[in-house]
Structure formats: C-alpha cells, structure tokens
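Below is one structure, written out as structure tokens; comments come after it.
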Amino acid sequence: MKTHVTVYDITSQRKLGNIHISKIDQYYDQWRGKGYGVLIDRDGCVCIDMEDPEDDGKYYSDQITDLNKL
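One gets the working numbering by counting positions in the sequence shown from 1 and adding 17 to each.
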C-alpha cells in the first residue's frame with residue numbers, strides 16, 4: 018500500500034501535493050466541510066472537486082476497497 022497520496026483539485030485543474038496516508042481521513046473531513054466532493058482514481062490519487070460529490074461519505078480505504086472489487 019502507498020505511504021503518500023497525490024491530491025488533485027479537478028475544478029482548478031492542478032496538483033495540490035502529496036499527503037501521508039495516515040493523515041488522509043483528516044483532510045477528507047476538511048475538504049468535505051468546505052463542500053468538496055472527494056473521490057479517488059484507479060491509481061489511488063485523491064481528486065477533489067465542487068461539481069458532483071459522489072463519494073457517499075466514504076474514506077480513502079473504503080473507496081480503494083470498492084475499486085478493487087471492479
């Protein structure tokens with residue numbers, strides 16, 4: 018499993034940086050509190066946007082589990 022996750026802001030189309038996996042849930046709560054949808058892609062990168070929050074409130078590890086089932 019990854020130790021760091023790359024984060025992208027889809028709305029502004031830019032890379033925000035890398036976050037240690039142990040802090041990712043904390044950032045999820047902050048982003049969601051600001052109204053962002055938080056999704057991950059198949060490479061495990063985090064994508065935040067203001068468009069359509071389809072994350073169903075799932076954290077990183079939950080979304081990875083769902084992707085692995087596909």
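Glycine is no exception: its CB is placed at the ideal position from the N, C-alpha and C atoms.
Keep in mind that this is a model prediction, so the values were computed, not measured.
Per DSSP, the unbroken beta strand (DSSP E) holding residue 57 starts and ends at 54-57.
Between residue 36 and the set 59, 77, 81 and 53, the nearest pair of CA atoms involves 77. Looking at the DSSP output, residue 31 shares a beta bridge with 26. Note on residue 30: under 16 other CB atoms within 10 angstroms of its CB, so exposed under the neighbour-count rule.
Less than 8 Å divides the Cβ of residue 54 from the Cβ of residue 66. The Cβ-Cβ distance between residue 61 and residue 24 does not fall below 8 Å.
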